[in-house]
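Following: one structure in structure tokens, then a few remarks.
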Amino acid sequence: MATMIKFRAWDNECNVIRDYDELKGLTLDALDASDFKLEQFTGLKDVNGKDIYEGDIVQPVSSHMNLKRGKPFKVKKGNYVYGKWIAKDISNKKFGVDGCYFSDEMQLIGNVHENPELLEADND
């Protein structure tokens, strides 16, 4: 089954995320770039079955040998392709915690608009 192409948008005026159902009737003119930040569905779901969009913050997890977590990172073009994760994070290092490497076990933990502190906490 093909992945559905869909979008959501961050509404800069109201500071909320508008989902696909709210946007599907709008024209491109209505989605003025200064009022909305469009984010595309990646075709990926997290370990709990939630859709992952560009602009989300995900965290690598491994259910093997207890629950281990990797460094949270922002989802953007370049760290996934054709519905699969590329096993490198934004600092170009492999995902890893205690020798465990991750490629597709991601947990959605927030987004860059509402939870920027999730990324700032790891900038030591």
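For the sequence shown, the UniProt record's numbering assigns the number 1 to the initial residue and increments by one for each residue that follows.
Each residue gets a CB set at the ideal place from its N, CA and C atoms; glycine is no exception.
For residue i, I'd like the list of residues in its chain whose CB is within less than 7 angstroms of its CB, leaving aside the five on either flank, ordered along the chain.
{"i": "residue 105", "result": "47, 60, 61, 62, 63"}
Measure how close the beta-carbons of residue i and residue j come, nearest whole angstrom, since I'm counting them as under 8 angstroms.
{"i": "residue 57", "j": "residue 118", "result": "5 angstroms"}
{"i": "residue 44", "j": "residue 9", "result": "About 19 angstroms; that fails the 8 angstroms criterion."}
If you measure between the beta carbons of residue i and residue j, is that distance less than 8 angstroms?
{"i": "residue 71", "j": "residue 54", "result": "no"}
{"i": "residue 7", "j": "residue 20", "result": "yes"}
{"i": "residue 74", "j": "residue 16", "result": "no"}
{"i": "residue 11", "j": "residue 18", "result": "yes"}
Does the CB of residue i have a neighbour CB from chain D at under 8 angstroms?
{"i": "residue 26", "result": "Going by chain labels, chain D is absent from the structure shown, which holds only one protein chain."}
Rounded to whole angstroms, what's the CA-CA distance from residue i to residue j? Just pull it up for me.
{"i": "residue 26", "j": "residue 5", "result": "16 angstroms"}
{"i": "residue 41", "j": "residue 50", "result": "11 angstroms"}
{"i": "residue 124", "j": "residue 69", "result": "Unreliable placement is indicated for residue 124, whose pLDDT of 44 sits below 50; the coordinate value is still reported in the next sentence. Their Cα atoms are separated by approximately 17 angstroms."}
{"i": "residue 107", "j": "residue 120", "result": "18 angstroms"}
{"i": "residue 23", "j": "residue 14", "result": "15 angstroms"}
Leaving out five residues on either side along the sequence, give the residues of the same chain with a beta carbon under 8 angstroms from the beta carbon of residue i.
{"i": "residue 34", "result": "12"}
{"i": "residue 109", "result": "57, 58, 59, 72, 115, 118"}
Who are the near neighbours of residue i in its chain, counting only those whose CB is closer than 6 angstroms to its CB and skipping five residues on each side?
{"i": "residue 92", "result": "Only weak support is given to the placement of residue 92: the predicted model assigns it a pLDDT of 46, under 50, and the value that follows is read from those uncertain coordinates. Closer than 6 angstroms at Cβ, skipping near neighbours: no residue."}
{"i": "residue 31", "result": "none"}
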